[in-house]
Amino acid sequence: MPELPEVETVVRDLRPLIVGRCIVSVRVGSKKLRKPWEQEWADCVVGTTPLAIRRRGKWILVDLDSGAILLVHLGMTGQFTAVPAGEPAPDHLHFTFALNDGSELRYRDTRRFGSVQWIASDALVQDAFGERLGPEPFDIPAKPFAEALRSSRRNLKALLLDQSLLAGVGNIYADESLFRSGLHPQTLGSSLKPKDCDRLRLAIEEVIAKAIDGRGSTIRDYIGGSGLRGGYQDEFTVYGRTGEACVNCGTAIEMIRVAGRASHFCPKCQKRKN
Ligand SMILES: [Zn+2]
Numbered sequence: 028m029p030e031l032p033e034v035e036t037v038v039r040d041l042r043p044l045i046v047g048r049c050i051v052s053v054r055v056g057s058k059k060l061r062k063p064w065e066q067e068w069a070d071c072v073v074g075t076t077p078l079a080i081r082r083r084g085k086w087i088l089v090d091l092d093s094g095a096i097l098l099v100h101l102g103m104t105g106q107f108t109a110v111p112a113g114e115p116a117p118d119h120l121h122f123t124f125a126l127n128d129g130s131e132l133r134y135r136d137t138r139r140f141g142s143v144q145w146i147a148s149d150a151l152v153q154d155a156f157g158e159r160l161g162p163e164p165f166d167i168p169a170k171p172f173a174e175a176l177r178s179s180r181r182n183l184k185a186l187l188l189d190q191s192l193l194a195g196v197g198n199i200y201a202d203e204s205l206f207r208s209g210l211h212p213q214t215l216g217s218s219l220k221p222k223d224c225d226r227l228r229l230a231i232e233e234v235i236a237k238a239i240d241g242r243g244s245t246i247r248d249y250i251g252g253s254g255l256r257g258g259y260q261d262e263f264t265v266y267g268r269t270g271e272a273c274v275n276c277g278t279a280i281e282m283i284r285v286a287g288r289a290s291h292f293c294p295k296c297q298k299r300k301n
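Throughout, this note's numbering is defined as the position within the sequence shown, counted from one, plus 27.
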């Protein structure tokens, strides 16, 4: 499932390929995605030009010159790419935005948990995000973050997956950040000391930054906006490495379910404290 580094890579790849190109037509597939596409939105999109493309959490925002936003979520298996129009259309293609330079912005999604929506203004998008999206990992305010963790009886894995506390982190980067900070996924927020919170905050920043440098992680379907796979899956320390040796101490990595998700950790480097 694409998380912040994957979505950021898609945005960075697409920026030079779509900004300033007018959308000349839209083709919409018949299958429904997680959120509906209203038929009249095609008329709102055709003739507009993307002025910018940016990311907030795991959401992609394409700013159109009309002031409206194309709001895209990759769900589990979404692929948002720009390709020459002559490239054969793959299966599970749901949206094709033809651009005036002869290329196509395409949204493909095998499992259809993603969405493409037209929203009339950025203000409406921000209202919809509201308090459901917390700060980005690169601007985590140290004190409020520590206070939010230390006042919670939830475990760290659940806290890191909570998009209202922190936007963009999912299962992979939660596990990697917890390993990097030496914290067990089942440790409760309330048992952390301030210095643990700082260590975790810095670990999240470092892990996310490195993953962006690696163009995200391709486990199954993820590709960047230009169609290239990610490379960070080769750098994982714990995620998907159950039974393999810890890179620090050689102990076998374990996997347990925490907050309903498979959670990978080193039982020696990440002791549980409660
Ligand atoms: Zn270890």
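All residues carry an ideal CB built from backbone N, CA and C; glycine is no exception.
In terms of residues, what are the limits of the beta strand (DSSP E) holding residue 145? According to the DSSP assignment, residue 145 belongs to the beta strand (DSSP E) that extends over 142-146.
For residue 87 and residue 265, I'd like the C-alpha separation in whole angstroms. A straight-line Cα-Cα distance of about 28 Å links residue 87 and residue 265.
Any idea if residue 32 is buried or exposed, counting beta-carbon neighbours within 10 angstroms, 16 or more meaning buried? It is buried - the Cβ of residue 32 has at least 16 other Cβ atoms within 10 Å.
Assign residue 217 to buried or exposed, taking buried as 16 or more other Cβ atoms, counted over all protein chains shown, within 10 Å of its Cβ. Under this definition residue 217 is an exposed residue.
Please tell me whether residue 90 and residue 255 are closer than 9 Å, where the distance is taken between their beta carbons. No, these two residues do not count as a Cβ contact at 9 Å.
From what residue to what residue does the alpha helix (DSSP H) around residue 235 run? Element bounds for residue 235: 221-240.
Quick one: residues with CB closer than 6 Å to any heavy atom of ligand 1, in chain order, please. Around ligand 1, the residues selected by a Cβ distance under 6 Å to any of its heavy atoms are 273, 275, 276, 278, 293, 295 and 296, following chain order.
Which same chain residues end up closer than 6 Å to residue 239 when comparing Cβ atoms and leaving out the 5 residues on each side of it in sequence? Excluding residues within five positions, the ones whose Cβ falls inside 6 Å are 32 and 35.
Between residue 144 and residue 200, what straight-line distance do the alpha-carbon atoms span, to the nearest angstrom? Cα to Cα, residue 144 sits roughly 27 Å from residue 200.
Contact check, residue 84 vs residue 194, beta carbons under 9 Å: Yes; because the gap between Cβ atoms is below 9 Å, this pair is in contact.
At 4 residues or longer, what runs of the alpha helix (DSSP H) sit wholly inside the region 125-204? If we require 4 residues or more, the alpha helix (DSSP H) runs fully inside the region 125-204 come out as 149-156, 169-177 and 183-188.
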